[in-house]
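Asker: Here's a structure for you.
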Amino acid sequence: MDDTELIKEKINIVDLISEYLPLKKAGVNFKANCPFHNEKTPSFIVSPERQIFKCFGCQKSGDVFTFLMEKEGMEFKEALEILANKAGVTLKKSPDKKDFKERLFEVNLKAQEFFHYILTKHPLGKKALEYLQDRGVSLETISQFGIGYAPNSWESLTKFLLKRGFSTQEIVISGLGVASKSDSYDRFRGRITYPLFDSKDKLRGFSGRVLYHAEPKYINTPQTPIFDKGSFLFGLNLAKGEIRNKKEAILVEGEMDMILSFQAGFKNIVASKGTALTEGQIDLLKKYTESLLLGFDMDLAGDSASRRGIEMADKAGLNIKVIQLEGDKDAAQAVKADPAIWQKAITEAVPIYDYYLTSIAKRYDSKNPNDLKKIGEELMPIWAKITDDLVRERYIQRLSAFLKTEEKIIRDGVEKIRKSTSQSYTAIFQKTTVEDDIVPSKSRRELLEEYLIALLLHPPKDLVFIPSFPETLFLAEKWRQLYVLLVLYLDSISFKSKAFNINEFVINLPKELLSEVDRLYLVELDRRLVDEGFWRKELDGVVSELKKALIKASLEKLSLEIKNAQEFGKLEVVESLSKKARDLSVKLKNL
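If you count by numbering that gives the first Met the number 0, then the sequence shown holds residues 0 to 590, one letter each, in order.
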């Protein structure tokens with residue numbers, strides 16, 4: 000058992016979190032108002048059995064280490080030392096693991112030296128240097144950011160690193176090389192390289208922009224033991240101080256937007272390397288500010304991935320505004336033309352929900368009935384997810400004025416969506432239809448599949464049970480995989496007459512399934528489900544509903560096939576398909 004597991008075994012997560020906030024018993028779990036965002040109704044759940052926590056509001060989750068890191072704003076190493084001391088555990092040194100990661104940082108630094116030398120000192124970098132200077136990047140900025148150039152060669156970097164004592168394995172695992180049949184070849188070729196330093200000035204990877212015509216325009220270091228794109232912000236190492244001072248962060252899309260802005264004196268700026276904000280990036284920003292200015296050169300309102308990121312940022316308590324530039328300019332173009340243009344746009348940044356209204360006004364005609372419906376379908380679900388009651392009410396009034404519609408109609412529509420997305424699984428199961436004017440975040444079928452898995456993860460105490468329905472009942476592949484693994488586990492313990500143990504079940508689960516299991520295991524279910532009779536009845540009911548959904552889908556498909564066969568006069572096919580439809584109808588009636 001390693002140090003982290005030993006510490007987790009000795010420290011009860013309920014005791015640790017109770018040092019920071021009062022926890023209230025809720026069935027087998029504990030609940031409280033989330034310590035990471037403002038909320039009125041408790042959505043922060045702690046499981047003593049799984050030794051994990053999850054907030055169903057801001058989506059933060061983890062174990063004792065994660066909680067301490069989030070709450071105190073510390074790195075893992077510091078949290079490890081504090082919890083080890085609290086648990087009375089003497090930490091063992093693990094030089095092999097440490098040395099391996101350190102070697103990856105070292106190989107990145109050596110590669111950065113190589114790229115920077117080629118750009119600034121070698122004839123091979125001349126065109127790249129000219130390109131950067133034409134874009135307005137000064138030599139001082141090139142040095143400050145460590146920008147370089149990867150020669151248009153298959154193995155120049157690899158040979159350089161091998162001669163300096165790095166192995167092919169280290170080159171490949173760091174993401175600098177790509178494994179091949181013979182050995183490996185350079186990932187970055189013919190590209191300007193931007194070193195990706197984290198907030199602690201550790202070099203975790205690179206981004207490469209093509210110099211010659213080629214696709215893709217940008218490539219990044221892939222996921223490695225030391226680099227995760229979803230938890231990275233370019234330039235944070237240089238900008239974090241000014242972000243704290245100004246109490247706001249400007250977020251742009253690309254490296255060049257950030258670099259030229261920073262060079263022009265806009266020091267509180269970072270780049271997301273993509274428009275869709277992730278939870279990891281939001282967590283980074285929250286350490287330094289509560290205010291976020293988005294400076295992307297695209298319509299955020301029309302991009303669903305961007306909207307999801309904005310929703311997460313709002314839930315995390317960030318105050319969001321949007322910087323708007325005229326003429327489809329990006330930040331780099333605006334700064335190069337005249338820094339005053341960029342400054343004016345920053346000063347005049349509009350609140351995110353005002354921006355949504357402005358975007359709607361550009362894309363739709365509110366006098367057109369079809370457009371009116373589209374406006375409601377797009378904006379009301381967004382309004383429903385506004386976490387602050389006063390802010391939500393203000394924008395209900397704004398939308399009402401814009402559409403020249405009674406406030407009550409907008410308010411009722413928003414409230415219906417809020418209720419539909421916050422219903423318990425039991426309520427979804429009991430409800431057989433979804434109103435046409437509600438736009439739920441998930442379909443009833445999706446929610447029923449989740450509820451079925453949640454039921455299977457919460458069997459009554461000491462029950463030995465193996466479900467017998469087929470995995471094809473699930474449409475979502477992740478639930479199929481999880482169900483198969485769950486059945487195999489339950490089958491293996493039934494011979495020993497052992498009851499379900501969540502911690503035993505999750506030991507060998509893939510990481511992507513583990514996060515789903517933890518989410519559903521922490522869902523607050525009906526207290527009556529501790530009774531075996533009620534639990535079995537609920538389980539059978541959900542299985543029956545999902546079977547009905549499958550048959551209804553098959554009947555709809557058959558109906559179309561029959562219609563097509565009738566149009567082409569294929570009477571034998573019509574008769575055969577009609578018989579299948581009758582059989583399925585009888586089957587549906589008997590469920």
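Glycine included, C-beta positions come from ideal geometry on N, C-alpha and C.
Source: prediction; values computed, not measured.
1. Do Val45 and Phe55 count as a contact pair if the criterion is CB distance below 9 angstroms?
2. At the 9 angstroms Cβ level, is Val63 part of the contact set with chain C, yes or no?
3. Just the Cα atoms here: how many angstroms apart are Gly189 and Phe52?
4. For Ile258, collect the residues of the same chain with a Cβ closer than 7 angstroms to its Cβ; drop the 5 residues on either side in sequence, then sort them by chain order.
5. For Lys24, which three-state DSSP category applies?
6. Quick check: the Cα distance between Ile322 and Glu252, rounded to an integer number of angstroms?
7. Evaluate Pro21 with the Cβ neighbour count: other Cβ atoms within 10 Å of its Cβ, from every protein chain shown; 16 or more gives buried, anything less gives exposed.
8. In three-state DSSP terms, what is Tyr19?
9. Considering only residues of the segment 61-125, which uninterrupted alpha helix (DSSP H) runs meet the minimum length of 4 residues and lie entirely inside it, listed in chain order?
10. Please specify which runs of the alpha helix (DSSP H), each continuous and at least 4 residues long, are wholly inside the segment 493-557, giving them in chain order.
11. Report the residue from Glu254, Ala331, Ile249 and Glu325 whose alpha carbon sits nearest the alpha carbon of Asn318.
12. What does Ser206 pair with, by DSSP beta-bridge criteria?
13. Can you tell me whether Leu138 is buried or exposed? The criterion is at least 16 other CB atoms within 10 Å of its CB, across all chains shown.
14. Taking the C-alpha atoms as reference points, what is the distance between Lys216 and Ile395?
15. If Ile452 and Tyr482 are in contact, beta carbons under 8 angstroms, what's the gap, nearest whole angstrom?
16. Among residues of its own chain, excluding the 5 on either side of Asp329, which ones have a beta-carbon nearer than 7 angstroms to its beta-carbon?
17. Between the C-alpha atoms of Ile381 and Asp387, what's the straight-line distance to the nearest angstrom?
18. Going by C-alpha distance, which of Gly568, Glu80, Pro224 and Ser17 is nearest Asp618?
19. Can you grab the Cα-Cα spacing for the pair Lys403 / Ile416, in whole Å?
20. Tell me whether the segment 265-281 and the segment 237-244 touch, counting them as touching only if at least three CB pairs, one residue from each stretch, are closer than 8 angstroms.
21. For Asn11, tell me which candidate among Leu519, Ser183 and Ala83 has the shortest Cα-Cα distance.
22. Is the Cβ-Cβ distance between His36 and Gly294 less than 9 angstroms?
23. Determine the burial state of Ala110: buried for a count of at least 16 other Cβ atoms within 10 Å of its Cβ, exposed for fewer.
24. Beta carbon of Leu545, beta carbon of Phe473: below 9 angstroms?
25. On the three-state DSSP scale, how would you describe Ser152?
26. Please determine, among Lys372, Gln168, Leu67 and Leu237, the residue with the shortest C-alpha to C-alpha distance to Val106.
27. Roughly how many angstroms lie between the CA atoms of Glu523 and Ala25, to the nearest whole one?
28. Once the 5 residues before and after Arg444 are set aside, which same chain residues still bring their CB inside 6 angstroms of it?
29. Rounded to the nearest angstrom, what separates Phe165 and Phe113 at their Cα positions?
30. For the structure I just gave you, are there three or more beta carbon pairs, one from the segment 491-503 and one from the segment 449-467, closer than 8 angstroms?
31. DSSP on Ala400, reduced to helix/strand/coil?
32. What's the C-alpha gap between Lys23 and Lys579?
33. Which of the three DSSP states is assigned to Ala31 in this structure?
34. Under the rule that 16 or more other beta-carbon atoms within 10 Å means buried, what is Tyr211, buried or exposed?
35. Mapping the DSSP letters down to three states, classify Phe159 as helix, strand or coil.
Answerer: In short:
1. Against the sequence shown, residue 55 aligns to sequence position 56. Against the sequence shown, residue 45 aligns to sequence position 46. Not in contact: Phe55 and Val45 (Cβ atoms no closer than 9 angstroms).
2. Annotation note: the requested chain C is absent from the structure, which comprises a single protein chain.
3. For the purposes of this step, residue 189 is identified with residue 190 of the sequence shown, where counting begins at 1. For the purposes of this step, residue 52 is identified with residue 53 of the sequence shown, where counting begins at 1. Cα to Cα, the separation comes out at about 46 angstroms.
4. Along the sequence shown, one-based indexing puts residue 258 at 259. Closer than 7 angstroms at the Cβ level, and outside the excluded window around Ile258, lie Val136, Thr140 and Phe144.
5. Numbered from 1 along the sequence shown, position 25 holds the residue referred to as residue 24. Under the three-state reduction of DSSP, Lys24 is assigned to strand.
6. Against the sequence shown, residue 322 aligns to sequence position 323. Against the sequence shown, residue 252 aligns to sequence position 253. About 12 angstroms.
7. As a first step, residue 21 is located in the sequence shown; it is residue number 22 there, counting from the start. Exposed.
8. Sequence index remark: in the sequence shown, residue 19 carries index 20 (1-based). Tyr19: coil per DSSP, three-state reduction.
9. 63-71, 75-86 and 94-120
10. If we require 4 residues or more, the alpha helix (DSSP H) runs fully inside the segment 493-557 come out as 501-504 and 510-520.
11. Start at 1 with the first residue of the sequence shown, and residue 318 comes out as number 319. The candidate whose alpha carbon is nearest that of Asn318 is Ile249.
12. Working through the sequence shown from its first residue, we reach residue 206 at position 207. According to DSSP, Ser206 bridges with Tyr193 and Asn219.
13. For the purposes of this step, residue 138 is taken as residue 139 along the sequence shown, with counting starting at 1. Exposed, by the Cβ-count rule.
14. As a first step, residue 216 must be located in the sequence shown, where it is residue number 217. As a first step, residue 395 must be located in the sequence shown, where it is residue number 396. Spanning the two alpha carbons is a distance of roughly 42 angstroms.
15. Residue mapping note: residue 452 aligns to position 453 of the sequence shown, counting from 1. Residue mapping note: residue 482 aligns to position 483 of the sequence shown, counting from 1. Correct: roughly 7 angstroms between the Cβ atoms.
16. As a position in the sequence shown, residue 329 is number 330, starting the count at 1. Contacts found: Asp256 and Asp296.
17. To locate residue 381, count along the sequence shown from 1; it is residue 382. To locate residue 387, count along the sequence shown from 1; it is residue 388. Their Cα atoms are separated by approximately 13 angstroms.
18. With the chain covering only 0 through 590, there is no way to say anything about residue 618.
19. Locating residue 403 in the sequence shown gives position 404, counting from the first residue. Locating residue 416 in the sequence shown gives position 417, counting from the first residue. Going by the C-alpha atoms only, they are around 21 angstroms apart.
20. yes
21. As a first step, residue 11 is located in the sequence shown; it is residue number 12 there, counting from the start. Closest option to Asn11, Cα to Cα, is Ala83.
22. As a working mapping, residue 36 is identified with position 37 in the sequence shown. As a working mapping, residue 294 is identified with position 295 in the sequence shown. Taking 9 angstroms as the Cβ cut-off, His36 and Gly294 do not qualify as a contacting pair.
23. Here residue 110 refers to the residue found at position 111 when the sequence shown is read from its first residue. Counting Cβ neighbours within 10 Å, Ala110 comes out buried, since at least 16 surround it.
24. Taking the sequence shown and counting its residues from 1, the one referred to as residue 545 is at position 546. Taking the sequence shown and counting its residues from 1, the one referred to as residue 473 is at position 474. Yes, Cβ-Cβ distance for Leu545 and Phe473 is below 9 angstroms.
25. To locate residue 152, count along the sequence shown from 1; it is residue 153. If DSSP states are grouped into helix, strand and coil, Ser152 belongs with coil.
26. Your numbering for residue 106 matches position 107 in the sequence shown. Selected option, being the one with the closest Cα: Gln168.
27. Residue 523 sits at position 524 when you count from the first residue of the sequence shown. Residue 25 sits at position 26 when you count from the first residue of the sequence shown. Rounded to whole angstroms, Glu523 to Ala25 spans 8 angstroms at the Cα level.
28. Walking along the sequence shown from the start, residue 444 turns up at place 445. Excluding residues within five positions, the ones whose Cβ falls inside 6 angstroms are Ala548.
29. Taking the sequence shown and counting its residues from 1, the one referred to as residue 165 is at position 166. Taking the sequence shown and counting its residues from 1, the one referred to as residue 113 is at position 114. Computed Cα separation, rounded: 14 angstroms.
30. yes
31. Looking up residue 400 in the sequence shown gives position 401. Ala400 falls in the helix class under three-state DSSP.
32. One-based indexing of the sequence shown puts residue 23 at position 24. One-based indexing of the sequence shown puts residue 579 at position 580. The alpha-carbon atoms of Lys23 and Lys579 are separated by roughly 54 angstroms.
33. For the purposes of this step, residue 31 is taken as the residue at position 32 of the sequence shown. Note: Ala31 maps to strand in three-state DSSP.
34. Residue 211 sits at position 212 when you count from the first residue of the sequence shown. With fewer than 16 Cβ atoms within 10 Å of its Cβ, Tyr211 is classed as exposed.
35. Here the question's residue 159 lines up with position 160 in the sequence shown. Helix, per DSSP.
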